[in-house]
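Engineer:
Numbering (this note's numbering), first residue to last: 6 to 478.
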């Protein structure tokens, strides 16, 4: 009987807790509903500054609490995500009239969505909340963070820093809140009550967001593939692949999971990857690594190896490597469930494939790998051949094709025009509604004001004349 009584009591307590968070968020959001663009910009600058100036302490906490990634790269991540997001948003209008098209008689007015629910993964408790919060606040919304239980203290510290930023410019701190003791039930209730969801995390989380009945932006499974063709600058390619693979011990879903190299440059690229810090596993070592990465034979990597240093993974596998080895390389020739290295690894382990023939052979392999895992996410190419580059872009089903770049730059970089984000959507290929980098433009509604214009020609002749001339009636 006691268990029968406890369940509805817990459900009621959960609902009450989320009710209070939502009520406070709505009251806070109402106070900035009519902010001018200048006020909104001042708000996000203050919030960003309070995260930025505390980046070292927050990075330290993230590593200590979660055990994912490393301190130096987390500091760098705070720097490039906060500075990049604010710079990216600076010219974007999010308040009042944001676009006028006199020739079409149209005026577009931006309006807040209300309360945003931000679902945070265990591997991103540090930089993901501020990137989402800055975009939400710029559009005059409130945001409630649902952290992962494993890294909730880090997310709470980040939220507290951002709340101080709100207060510094006279805005209510409750524009940014967090579920202090997260649970699945609380997250589900938050998703049900919020006006918009941004779900950054695993497939189950994203599916729950889309099933909640609330509008949602989700992300897809990452499994980025990088092509290195016969024209590539191999020194640059190896350096960029190594940097993406090792940055924060591969917490990013963008980090290279597989490299597909042309047979004519395969050996040279492998040599350069070793020079950049790679350790090439022999077949026995590959099997040992596989056993510790997927101990249950499934397709999801063990948490024991996710975002851990190469030395740690090697020790778990009973392999001896030198301290200067920063990532592990396994040579692969198969794709699918029986070849787990072809999937997302979330670790400093890189699968290396070779292809022969023309670029279409590489494209076919990229498509096979991403069809197994990573549809809609990201691929890249190191090449000096524009035809190869365009062919890859035209024939793959990925939302991002990075050319002669570090794949992590797909989330925004000073070296490209990609919108800064930590939420990389994958379109219908990956079960999402958009292929875009989720950014500030996704956090407001638009009212279209339409005035009469000189009528356009809309006639049977103008529409069907060419068709009738070619095919007849």
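Heads up, the beta-carbon is just placed ideally off N, CA and C, and yes, glycines get one too. On a predicted model such as this, the values are computed, not experimentally measured, just so you know.
My assumption, with CB atoms under 8 Å, is that residue 20 sits in contact with residue 193. Please give the rounded CB distance.
Structural biologist: Position 15 of the chain shown, counting from 1, holds the residue named residue 20. Position 188 of the chain shown, counting from 1, holds the residue named residue 193. Not really, about 10 Å apart at Cβ, beyond 8 Å.
Engineer: Whole-angstrom Cβ separation of residue 34 and residue 120, contact assumed at under 8 Å?
Structural biologist: Locating residue 34 in the chain shown gives position 29, where the first residue counts as 1. Locating residue 120 in the chain shown gives position 115, where the first residue counts as 1. The Cβ separation is near 6 Å, so the contact holds.
Engineer: Based on the DSSP output, what are the partners of residue 357 in its beta bridges?
Structural biologist: As a first step, residue 357 is located in the chain shown; it is residue number 352 there, counting from the start. Answer is 264, 336.
Engineer: What residue does the alpha helix (DSSP H) around residue 278 start on, and which one ends it?
Structural biologist: Looking up residue 278 in the chain shown gives position 273. 271-280 is the span of the alpha helix (DSSP H), which, as asked, contains residue 278.
Engineer: Would DSSP call residue 423 helix, strand or coil?
Structural biologist: By one-based count along the chain shown, residue 423 stands at place 418. Coil at residue 423, not helix or strand.
Engineer: Contact check, residue 407 vs residue 383 under 8 Å by CB: the rounded distance?
Structural biologist: The residue labelled residue 407 in the question sits at position 402 within the chain shown. The residue labelled residue 383 in the question sits at position 378 within the chain shown. Correct: roughly 7 Å between the Cβ atoms.
Engineer: I need the straight-line Cα distance from residue 14 to residue 23, nearest angstrom please.
Structural biologist: Residue numbering aside, residue 14 sits at position 9 when the chain shown is read from its first letter. Residue numbering aside, residue 23 sits at position 18 when the chain shown is read from its first letter. Reliability fails at residue 14, whose pLDDT of 46 lies under 50, so the model's placement of it is uncertain and the value that follows must be treated cautiously. Looking at the two C-alpha atoms, the distance is approximately 14 Å.
Engineer: Determine the contact status of residue 448 and residue 51, defining contact as a CB-CB distance below 8 Å.
Structural biologist: Translated into positions along the chain shown, residue 448 becomes position 443. Translated into positions along the chain shown, residue 51 becomes position 46. Contact flag unset, no.
Engineer: Within the segment 18-72, note down every full alpha helix (DSSP H) run reaching 4 residues or more, in order along the chain.
Structural biologist: The segment 18-72 contains these whole alpha helix (DSSP H) runs: 42-57, 60-71.
Engineer: Going by alpha carbons, who is nearest to residue 126 out of 46, 308, 243, 97?
Structural biologist: Stepping through the chain shown from its first residue, residue 126 is reached at position 121. When only C-alpha atoms are compared, the closest one is 308.
Engineer: So, using beta-carbon positions, are residue 436 and residue 211 closer together than 8 Å?
Structural biologist: Here residue 436 is taken as the residue at index 431 of the chain shown, counted from 1. Here residue 211 is taken as the residue at index 206 of the chain shown, counted from 1. For residue 436 and residue 211, yes; Cβs fall inside 8 Å.
Engineer: Using CA atoms only, rank isn't needed, just tell me which of 74, 474, 27 is closest to residue 254.
Structural biologist: Within the chain shown, the letter at position 249 stands for residue 254. The residue with the shortest Cα to Cα distance from residue 254 is 74.
Engineer: Determine the burial state of residue 167: buried for a count of at least 16 other Cβ atoms within 10 Å of its Cβ, exposed for fewer.
Structural biologist: Against the chain shown, residue 167 aligns to sequence position 162. Buried.
Engineer: If you follow the beta strand (DSSP E) that residue 124 is part of, which residue opens it and which one closes it?
Structural biologist: On the chain shown, residue 124 is found 119 positions in, with the first residue counted as 1. Element bounds for residue 124: 120-124.
Engineer: Classify residue 86 as buried or exposed, calling it buried when 16 or more other Cβ atoms lie within 10 Å of its own Cβ.
Structural biologist: Here the question's residue 86 lines up with position 81 in the chain shown. Its Cβ being crowded by 16 or more others within 10 Å, residue 86 is buried.
Engineer: Pick from 100, 31, 61: whose alpha carbon is nearest that of residue 39?
Structural biologist: Taking the first residue of the chain shown as position 1, residue 39 is located at position 34. Residue 39 has its Cα closest to that of 100, out of 100, 31, 61.
Engineer: What do you reckon, are the CB atoms on residue 130 and residue 154 nearer than 8 Å?
Structural biologist: Taking the chain shown and counting its residues from 1, the one referred to as residue 130 is at position 125. Taking the chain shown and counting its residues from 1, the one referred to as residue 154 is at position 149. Contact flag unset, no.
Engineer: Relative to the C-alpha of residue 413, which residue among 264, 471, 259, 185 is closest?
Structural biologist: Here the question's residue 413 lines up with position 408 in the chain shown. Ranking 264, 471, 259, 185 by Cα distance to residue 413 puts 259 first.
Engineer: May I ask you to list the residues that DSSP assigns as paired with residue 384?
Structural biologist: As a position in the chain shown, residue 384 is number 379, starting the count at 1. Beta-bridge pairing links residue 384 to 230, 406.
Engineer: With a threshold of 6 Å on Cβ separation, who are the neighbours of residue 398 within its own chain once the five nearest residues in sequence on each side are excluded?
Structural biologist: For the purposes of this step, residue 398 is taken as the residue at position 393 of the chain shown. 406, listed in sequence order.
Engineer: Between residue 280 and the ligand ADP, is the CB less than 7 Å from at least one heavy atom?
Structural biologist: The ligand ADP is absent from the structure shown, which contains no ligands of any kind.
Engineer: Here's a check: name, in chain order, each residue in its chain whose Cβ is nearer than 6 Å to the Cβ of residue 373, leaving out the five neighbours to either side.
Structural biologist: Stepping through the chain shown from its first residue, residue 373 is reached at position 368. Same-chain partners within the cutoff: 340.
Engineer: If we require 3 or more residues per run, which beta strand (DSSP E) segments fall completely within the segment 147-218?
Structural biologist: The segment 147-218 contains these whole beta strand (DSSP E) runs: 147-151, 181-183, 201-204.
Engineer: Using alpha carbons as the reference points, say which of 249, 252, 415, 243 lies closest to residue 277.
Structural biologist: Looking up residue 277 in the chain shown gives position 272. For residue 277, the nearest C-alpha among the options comes from 243.
Engineer: Applying the 10 Å Cβ sphere with the 16-neighbour rule, what's the burial state of residue 427?
Structural biologist: The residue labelled residue 427 in the question sits at position 422 within the chain shown. The residue is buried, with at least 16 neighbouring Cβ atoms inside 10 Å.
Engineer: Closest to residue 296 by CA distance: which of 263, 345, 78, 134 is it?
Structural biologist: What you label residue 296 is simply residue 291 of the chain shown in a count that begins at 1. Answer by Cα proximity: 345.
Engineer: Return the CA-CA distance between residue 76 and residue 280, expressed in angstroms with no decimal places.
Structural biologist: As a working mapping, residue 76 is identified with position 71 in the chain shown. As a working mapping, residue 280 is identified with position 275 in the chain shown. So the two alpha carbons sit approximately 24 Å from each other.
Engineer: Considering only residues of the same chain and omitting the five flanking positions on each side of residue 248, which have a CB-CB separation below 6 Å?
Structural biologist: Along the chain shown, one-based indexing puts residue 248 at 243. Excluding sequence neighbours, residue 248 sits near 411.
Engineer: How many angstroms separate the CA atom of residue 472 from the CA atom of residue 459?
Structural biologist: Stepping through the chain shown from its first residue, residue 472 is reached at position 467. Stepping through the chain shown from its first residue, residue 459 is reached at position 454. Distance between the alpha carbons of residue 472 and residue 459: 27 Å.
Engineer: According to DSSP, simplified to helix, strand and coil, what is residue 394?
Structural biologist: Position 389 of the chain shown, counting from 1, holds the residue named residue 394. Note: residue 394 maps to helix in three-state DSSP.
Engineer: Under the three-state reduction of DSSP, which class applies to residue 284: helix, strand or coil?
Structural biologist: Within the chain shown, residue 284 is the residue found at index 279, counting from 1. Strand, per DSSP.
Engineer: Is the distance from the Cβ of residue 225 to the Cβ of residue 361 below 8 Å?
Structural biologist: On the chain shown, residue 225 is found 220 positions in, with the first residue counted as 1. On the chain shown, residue 361 is found 356 positions in, with the first residue counted as 1. Taking 8 Å as the Cβ cut-off, residue 225 and residue 361 do not qualify as a contacting pair.
Engineer: Which residues bound the beta strand (DSSP E) around residue 83?
Structural biologist: As a first step, residue 83 must be located in the chain shown, where it is residue number 78. It is not in any beta strand (DSSP E) - residue 83 instead sits in the alpha helix (DSSP H) that spans 76-94.
Engineer: In angstroms with no decimal places, state the Cα-to-Cα distance between residue 60 and residue 163.
Structural biologist: As a first step, residue 60 must be located in the chain shown, where it is residue number 55. As a first step, residue 163 must be located in the chain shown, where it is residue number 158. Straight-line Cα distance between these residues: approximately 9 Å.
Engineer: Please state the DSSP three-state secondary structure of residue 326.
Structural biologist: Indexing the chain shown from 1 puts residue 326 at position 321. Correct three-state label for residue 326: coil.
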